[in-house]
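Heads up: the sequence shown begins at 1 in full-length UniProt numbering, then just goes up one per residue.
Quick reminder that beta carbons are idealized off the backbone N, C-alpha and C, glycines included.
Predicted model, so just to flag it, every value in this text is computed and none were measured.
To start, the structure under review is shown below, and the notes come after it.
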Amino acid sequence: MSEALLDIAEVAERSGLAPSALRFYEKKGLIAPAGRNGLRRTYRPDVLDRLALVSCARSAGFTVAEIGRFLVATPGDTDLRARMAVKARELEEDIARLTRMRDGLRHAATCAHETLVECPDFKRAFAGPPQPVPR
């Protein structure tokens, strides 16, 4: 038995993306429709998994072009794999920076030090190796 197709409105609702974003991702080759039901695009249910990956990558700072290259990567694509390793290191730096910020804010939310930014514990949350200039 074949899987029931999802129309664009259902995919938009379930993915949290606007139909215009789905059409944009389709135009860029990140997703593909299974066909049409009248004038409406239809998709296989597995498009939701693809869209979850695309959304995660976009929120992590990947461009649509980078995601497109990633989606068609093969084990022999050594240049792309090298770029992936660089991006993984950049994400590790971002995570470390955001973790320090989160820890500092958590402390500041309960700190009684006058002024908050002069609190030694607050300052310690931000102590660490210098961070690269944002991209």
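### Query
What's the call for Gly-16, buried or exposed, on a 16-neighbour Cβ count within 10 Å?
exposed
### Query
In angstroms, rounded to a whole number, what distance separates the CA positions of Pro-134 and Glu-92?
Its pLDDT being 49, under 50, Pro-134 is placed unreliably in this model, and the coordinates cannot settle the point.
### Task
Compute the Euclidean distance between the alpha carbons of Val-117 and Arg-100, then round it to the nearest angstrom.
14 Å
### Query
Hey, how far is the Cα of Leu-6 from the Cα of Arg-81?
33 Å
### Query
Is Ile-95 buried or exposed, if buried means 16 or more other CB atoms sit within 10 Å of its CB?
exposed
### Task
Could you check the C-alpha separation between Thr-63 and Arg-97 for me, to the nearest Å?
Approximately 21 Å, taken between the alpha carbons.
### Task
Identify whether Gly-76 lies in helix, strand or coil by the three-state DSSP scheme.
coil
### Message
Assuming Val-72 and Tyr-25 are in contact, meaning their beta carbons sit under 8 Å apart, how far apart are those beta carbons, in whole angstroms?
### Response
Rounded, the Cβ-Cβ distance is 14 Å, inconsistent with contact.
### Length of the line joining the Cα atoms of Arg-41 and Arg-124
53 Å
### Task
Would you decide whether Met-1 is buried or exposed? Buried here means 16 or more other CB atoms lie within 10 Å of its CB.
With a pLDDT of 45 at Met-1, under the threshold of 50, the modelled position of that residue is not reliable, and no figure is offered here.
### Query
Buried or exposed: where does Gly-38 fall if 16 or more other Cβ atoms within 10 Å of its Cβ makes it buried?
exposed
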